[in-house]
Amino acid sequence: YNAPLTATEYIHRVGRTARLGARGSSLLLLMPSEAEYIQTLGNHKISISEMKMEEILSDLLLEDFLMIRRGK
């Protein structure tokens with residue numbers, strides 16, 4: 206996986222998470238060497254928050270567990 210080269214490309218890629226005015230979220234994994242990309246996205250008014258890998262895995266496991274309990 207490679208991060209999109211431009212903020213415009215990023216917006217296009219994640220645009221499918223929000224349709225018809227709805228809100229959406231995406232997860233972008235970056236290497237430390239790609240940290241300057243965060244500034245590029247911020248310059249395009251894309252809200253960004255940092256998550257540690259442990260948080261991401263914990264959230265995914267919880268979501269999976271809850272879906273199983275609901276029978277999905």
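If you want our numbering, it's the 1-based position in the sequence shown plus 205.
By construction, the Cβ of each residue, glycine as well, lies at the ideal position given by its N, Cα and C atoms.
- Of the candidates Gly229, His217, Ala208, Leu233, Leu233 places its Cα closest to the Cα of methionine 256.
- Taking C-beta atoms under 8 Å as the contact rule, tyrosine 206 and leucine 246 fail to qualify, at a distance of about 16 Å.
- Annotation for glutamate 239: Ala208 place their beta carbon closer than 8 Å to its own, counting only its chain and skipping 5 residues before and after.
- For alanine 227 against isoleucine 251, the beta-carbon gap comes to about 16 Å, at or over 8 Å, which does not count as contact.
- In this structure, the alpha-carbon of glutamine 244 lies about 10 Å from that of isoleucine 253.
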